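Peer 1: Taking this note's numbering, I'd label the letters of the sequence shown as residues 131 to 670. No residue lacks a Cβ here, since even glycine has one placed at the ideal position from N, Cα and C. Because the structure is a prediction, the values reported are computed rather than measured.
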Amino acid sequence: MRDSAVALLEMAAVRTVERRAGQRLNRGESLPVAPREDRPVVSRAAADRLARILGGELPRLLPEWLAAAAGAGLRLPAYLLPEVLDRAARDRSLRSHAGALAGQRGRWLARVGAAQWAYLLEEPTGDGETWQLGTPGDRRELMRRMRRDDPGAAREMLAGTWEKETPDDRAAFLAAFGEGLSMDDEEFLEAALDDRRREVRQCAADLLTRLPESRLARRMVARAGQCLRPADTGPGSDSDSGSGSGSGSDSGFGFGFGFGSGSGSGSASGDSGSASRPGSDSARPGFASGPGPGFASGPGSGFASRPGSGPASRPGPGPASRPGSGSGAVERGPVRRVVVEPPSACDAAAQRDGVRPTPPRGTGEKGWWLQQIVARTPLTYWTELFGAEPDAIVRMDFGDWQREVRGGWVRAAVLQRDPAWARALFAWDPLAELLAALPAGEREELAAGFVREQAVDGQMIMVLGGAEAPWGPVLTRAVLAKIVEVAGEQPWNVDELARLVAERADPGLHAAAERLSSEPSVQAIAAVLRFRSDMLKELS
Numbered sequence: 131m132r133d134s135a136v137a138l139l140e141m142a143a144v145r146t147v148e149r150r151a152g153q154r155l156n157r158g159e160s161l162p163v164a165p166r167e168d169r170p171v172v173s174r175a176a177a178d179r180l181a182r183i184l185g186g187e188l189p190r191l192l193p194e195w196l197a198a199a200a201g202a203g204l205r206l207p208a209y210l211l212p213e214v215l216d217r218a219a220r221d222r223s224l225r226s227h228a229g230a231l232a233g234q235r236g237r238w239l240a241r242v243g244a245a246q247w248a249y250l251l252e253e254p255t256g257d258g259e260t261w262q263l264g265t266p267g268d269r270r271e272l273m274r275r276m277r278r279d280d281p282g283a284a285r286e287m288l289a290g291t292w293e294k295e296t297p298d299d300r301a302a303f304l305a306a307f308g309e310g311l312s313m314d315d316e317e318f319l320e321a322a323l324d325d326r327r328r329e330v331r332q333c334a335a336d337l338l339t340r341l342p343e344s345r346l347a348r349r350m351v352a353r354a355g356q357c358l359r360p361a362d363t364g365p366g367s368d369s370d371s372g373s374g375s376g377s378g379s380d381s382g383f384g385f386g387f388g389f390g391s392g393s394g395s396g397s398a399s400g401d402s403g404s405a406s407r408p409g410s411d412s413a414r415p416g417f418a419s420g421p422g423p424g425f426a427s428g429p430g431s432g433f434a435s436r437p438g439s440g441p442a443s444r445p446g447p448g449p450a451s452r453p454g455s456g457s458g459a460v461e462r463g464p465v466r467r468v469v470v471e472p473p474s475a476c477d478a479a480a481q482r483d484g485v486r487p488t489p490p491r492g493t494g495e496k497g498w499w500l501q502q503i504v505a506r507t508p509l510t511y512w513t514e515l516f517g518a519e520p521d522a523i524v525r526m527d528f529g530d531w532q533r534e535v536r537g538g539w540v541r542a543a544v545l546q547r548d549p550a551w552a553r554a555l556f557a558w559d560p561l562a563e564l565l566a567a568l569p570a571g572e573r574e575e576l577a578a579g580f581v582r583e584q585a586v587d588g589q590m591i592m593v594l595g596g597a598e599a600p601w602g603p604v605l606t607r608a609v610l611a612k613i614v615e616v617a618g619e620q621p622w623n624v625d626e627l628a629r630l631v632a633e634r635a636d637p638g639l640h641a642a643a644e645r646l647s648s649e650p651s652v653q654a655i656a657a658v659l660r661f662r663s664d665m666l667k668e669l670s
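1. What residue does the beta strand (DSSP E) around Pro360 start on, and which one ends it?
2. Which residues share a DSSP beta bridge with Trp601?
3. Can you tell me which residues form a DSSP beta bridge with Arg467?
4. Can you name, in chain order, every residue of its own chain whose Cβ lies under 7 Å from the Cβ of Leu318, other than the five neighbours on each side?
5. Apart from the five residues on each side of it in sequence, which residues of its chain come closer than 8 Å, Cβ to Cβ, to Leu576?
6. Quick one: what's got a C-beta closer than 6 Å to Leu192's C-beta in the same chain, skipping five residues either side?
7. Can you find a C-beta in chain B that's less than 8 Å from the C-beta of Gly517?
8. In whole angstroms, what separates the C-alpha of Glu309 from that of Leu338?
9. Taking Cβ to Cβ, would you say Arg466 is nearer than 8 Å to Asp527?
10. Is it the case that the Cβ atoms of Ala322 and Arg328 are separated by a distance below 8 Å?
11. Would you tell me roughly how many angstroms separate the C-alpha atoms of Ala198 and Glu293, rounded to the nearest one?
12. Could you check if Gly484 is buried or exposed, using at least 16 other CB atoms within 10 Å of its CB as the buried criterion?
13. Alpha helix (DSSP H) containing Ala657: first to last residue?
14. Quick one: what's Val171 bridged to in DSSP?
15. Which residues in the same chain have their Cβ closer than 6 Å to the Cβ of Trp238, if we skip the five residues on either side of it in sequence?
16. Please determine, among Leu561, Leu196, Ala334 and Phe516, the residue with the shortest C-alpha to C-alpha distance to Leu669.
17. How would you call Pro650, buried or exposed, if buried means at least 16 neighbouring beta carbons within 10 angstroms?
18. Given this structure, state the Cα-to-Cα distance separating Leu551 from Pro472, to the nearest angstrom.
19. Are the Cβ atoms of Thr507 and Ala542 separated by less than 8 Å?
20. In whole angstroms, give me the CA-to-CA distance for Pro162 and Ala240.
21. Among Leu509, Leu204 and Ala570, which has the Cα closest to the Cα of Pro342?
As structure tokens, this is what we get:
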């Protein structure tokens, strides 16, 4: 029986081969020829250096190599193309430059079936494809370019296709409006507040926040006026007793530093010793109105709590010094306390204006709404309301709501790119985002001063990690001096700081770094700077 079964299977196998052999092969379709390349290939020296980076030598320099090569209008040699495209498939941050460097061959491969590289079809090529026929990447690049050159024409072009665009494209196109933004865009952005996609609505609200004359800004001023008001007018006033006022209640939730219950409005005086929430900033020893994290941490908050952000370690005047002082002259006397009444609800109108109703984990609803209202209110409103300059306003006493009010101002300074507010708030909560709102020279001086006075900790790493590259000589020397200072006593704190300066400093400073100190970590930094200097010369 077994022999019969084996014989049957053998016959079936033979018949299968016979049937297959009797069929015509599927000829398929011939592949299109790859277009001729329109960019020159990088030099042999540059290609060899890229191969070293891909092979594991200073791999963190890969983004800089790609950016420099793409900026020079070059393309990758064919033999390095697969490795770079595979890296970009895993790391989205590399894709925009990889798309340009892949040249026509890379896009041809993506079209004919290299599915893992299909992302190349989303990246701009810079070859002038039209608004109607280009890939998503080409169309986004065209929008960015037109917003720089002719904002009005870009707006009209987008208005003509707005209803047909995908939600992702609408959000990307709207983000380009940051270039050349003006009140001419206000009507279009106001209409975008009604978009179905949350990202589109949030982007429109962020842009309108930068227009102090916009309808959204006026609506936010009205809301802010209901939430904050001066509580005293300085020495000799009847309200200088430190009494609080307000109505409503806010209990049963926390703001990252738990408490049982608190009044719905808060005002406090540094002289009165009035009660405050356990764990709140006003209850911390050593200062009357201590800062907290710039933003409540959590998804979508935009800013996370920074470690090591206690005021004792910050450069500049502490929040308790000279309450109400500042350069703004105030006829009624300096405001020292502010009555805060957070909103009791987040209605549909507020949500349309970009106030998100659901707070991040660990943040109370009312504080979250208050912070967002403050963040979207024109900063000029506060200087007019309090009759003071930003450095004096951020030192005022906001009772139980210090963290939420100041956190809102941090976000506002970033959105509105206000140097005076960014400068004042950086002394309270050093954030790299605030540095970006300052002129380049002042940005470097402020960051360097922070490095000189701050202990090496997680907060310093975060600030420097967000500082725009390339760093100039002032900041570079400050960081190198800090490394020399702590290398002997805290070698465990040097590694990440050394990596940052090696990758962010102007590579032309390699000789100065070599001469600065014989400390091994500084010499290692100088070697990386020289590597980068040679790398950029090969791509120039």
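Peer 2: According to the structure shown:
1. Leu358 to Pro360
2. Ala635
3. Asp527
4. Sequence check: residue 318 is Phe here, not Leu. If we look at Phe318 and ignore the five residues flanking it on each side, its Cβ neighbours are Arg285 and Ala289.
5. Arg553, Phe556, Leu565 and Leu568
6. Ile183
7. No chain B is part of this structure, which consists of one protein chain only.
8. 13 Å
9. yes
10. Going by C-beta atoms, Ala322 is not nearer than 8 Å to Arg328.
11. Distance between the alpha carbons of Ala198 and Glu293: 37 Å.
12. buried
13. Pro650 to Leu669
14. Arg205
15. Ala164
16. Leu196
17. Counting C-beta atoms within 10 angstroms of its own C-beta, Pro650 has fewer than 16 neighbours from the protein chains shown and is therefore classed as exposed.
18. A small fix is needed here, since residue 551 is Trp in this sequence, not Leu. For Trp551 and Pro472, the distance between alpha carbons rounds to 22 Å.
19. yes
20. 12 Å
21. Leu509
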